[in-house]
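Trainee: Here it is, the structure, as structure tokens.
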Amino acid sequence: MAAMNNLWLIKVGEISLKKGNRAFFERVLKENIRKKLRLVAPEGSGSQISNRGGRFYLDTSLPEDLIRPILASTPGIVAFSRALKVKKDLDSLTEASIEVAKRCLAGNSGNRFKFEVRRTDKGLPLDSYGYARELGARLLEALPELVVDVRKPDFIIKLELREWGYVYEQDISGPGGLPVGTAGRGMLLLSGGIDSPVAGYLMAKRGITLSAVHFHTPPFTSPEALDKVIRLAESLAPWCGGITLANVSFTDCQVKINESVDPASTTLHSRATMMKIAQRIAAKRRCGALVTGESLGQVASQTLESLAYTNGSVHLPVFRPLIGLDKEQIIRISRDIGTYETAIEPFDDCCTLFSPTHPLTRPDTKEMKEAFTAIDGLEALIEEAAEKAEIIRIDGIGQRIEG
Ligand code: ATP
Ligand code: MG
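Below, the structure written as structure tokens:
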């Protein structure tokens, strides 16, 4: 087949329900795709994105293996499919249909198919039905294992006859949700675990632009543990269109807490301290919310009483998208988004190292607050830790931006 641009059809979900500000959501989605295209090819190599009738079309000469991961990881996109763009003569249309049918057959979806034809070019020799019949016959001749079934087909070959002929391949899923950049900014507390990257992903899918903060405790935590978190942020970055990671040394705070309070309450005071530091950095980065990977009842620091205490240590809203999910569900999402394998690498973060053997599960918020306020010098350490954060920037295809 002659070398030609591919056309990608992009379907959106929730965006199409928006009324007055739908154009805003559409514009942000287009810009998010363009930004990623520019990262894989200079100026996006002349790719064009247009939208009409609630659908988006990407016309590009860039190869499929560059386009697929971009569309599959961009929130707002529910599904997409590639169309082969060919001349409108029967031979070209047949050739394209055979290629699409072969892919569908290889995808194991069964051998029963039908054609769906939309013809907006009224100057053509056949009507829609005529094209479906003629191409169907030619397809059966070329691939005898196919069976026509207009009632319950295993796959549908869609053909559009406009200025060109377009033969569509099967749908590929996108993340769904809303385009990043339509819902404000959030500060993700990113540990080295399974949960927090998933929490970040879920909020990005609601349109939140993410920054992240990680607390490490050198020399008690290793450089490998920090490197692991950076790699987690890199895996997360495509889903959120890039991410900025602030690495905060938590050692002075941790030591101060451990020498000042009852051992059973150290984890909760550490958590409250992290939230306060995160809130300071959030203010600098204009974030209106904190995001954590907490899930109700998962560990001692995530009981209702524990969450009530840590929540009360900050004034920003805290989003906990995993609150009602169980571990199996979280792990499934983590595998889907590609953060699982990194998250289970065995480098300890500060929490596991400093965890008390018998942590409080039902803290009294008032007593806890008093104990926290009594930790002499902690406020100054919080300020200093936030001030000294090291910033790492990662772009929308997961690459470190140097400098
Ligand atoms: P995760 O799998 O995300 O580590 P977890 O189940 O291990 O979560 P905790 O260790 O209690 O739970 O942490 C709860 C949440 O607090 C995390 O999801 C994360 O948002 C935040 N958090 C914990 N430790 C850190 C850290 N070292 N740096 C940044 N955020 C942290
Ligand atoms: Mg953890």
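Sequential numbering from 17 applies to the sequence shown in this note's numbering.
For each residue, glycine too, the CB sits at the ideal point set by N, CA and C.
(1) Going along the chain, which residues of its own chain have a beta-carbon closer than 6 Å to the beta-carbon of residue 123, five neighbours each way excluded?
(2) Got a sec: does ligand 1 put a non-hydrogen atom nearer than 7 Å to the Cβ of residue 231?
(3) Looking at ligand 1, does it come within less than 7 Å of residue 351, judged from the CB to the closest heavy atom?
(4) Is DSSP giving residue 306 helix, strand or coil here?
(5) At which residue ranges does the region 341-380 contain complete alpha helix (DSSP H) runs of 4 or more residues, listed in the order of the chain?
(6) Around the C-beta of residue 191, are 16 or more other C-beta atoms found within 10 angstroms, so that it is buried, or is it exposed?
(7) Across the region 397-407 and the region 338-355, are there enough close Cβ pairs to call them in contact, namely three or more that are closer than 8 Å?
(8) Below 8 Å CB to CB, which residues in the same chain sit around residue 168 once its five sequence neighbours on both sides are set aside?
(9) Can you tell me whether residue 136 is buried or exposed? The criterion is at least 16 other CB atoms within 10 Å of its CB, across all chains shown.
(10) Residue 229 and residue 206 look like a contact to me (Cβ under 8 Å); what is the Cβ gap, rounded to whole Å?
(11) Can you grab the Cα-Cα spacing for the pair residue 17 / residue 79, in whole Å?
(12) Between residue 235 and residue 92, is the Cβ-Cβ spacing less than 8 Å?
(13) To the nearest angstrom, how far is the alpha carbon of residue 274 from that of residue 285?
(14) Judging by CA-CA distance, which residue of 69, 297 and 67 is the nearest neighbour of residue 203?
(15) Do you know whose CA, among 242, 29, 188 and 58, lies nearest residue 70's CA?
(16) Taking the runs of the alpha helix (DSSP H) that are 4 residues or longer, which of them lie wholly in the region 162-229?
(17) Any chance the region 249-258 sits against the region 324-333, with 3 or more Cβ pairs inside 8 Å?
(18) So, do the region 85-101 and the region 183-190 have three or more beta carbon pairs nearer to each other than 8 Å?
(19) Where does residue 403 land, buried or exposed, given buried means 16+ other C-beta within 10 angstroms?
(20) Would you mind sorting residue 407 into buried or exposed? The rule is 16 or more other CB atoms within 10 Å of its CB.
(21) Quick check on the DSSP output: the beta strand (DSSP E) that includes residue 154 runs from which residue to which?
(22) Using the C-alpha atoms, what's the distance from residue 419 back to residue 48?
Mentor: In brief:
(1) none
(2) yes
(3) no
(4) strand
(5) 343-353, 356-359 and 366-370
(6) buried
(7) no
(8) 128
(9) exposed
(10) 7 Å
(11) With a pLDDT of 45 at residue 17, under the threshold of 50, the modelled position of that residue is not reliable, and the figure given next carries that caveat. Cα to Cα, the separation comes out at about 15 Å.
(12) no
(13) 9 Å
(14) 297
(15) 29
(16) 211-220
(17) no
(18) yes
(19) exposed
(20) exposed
(21) Taken as a continuous stretch (DSSP letters only), residue 154 belongs to no beta strand (DSSP E), being part of the alpha helix (DSSP H) at 144-158.
(22) 23 Å
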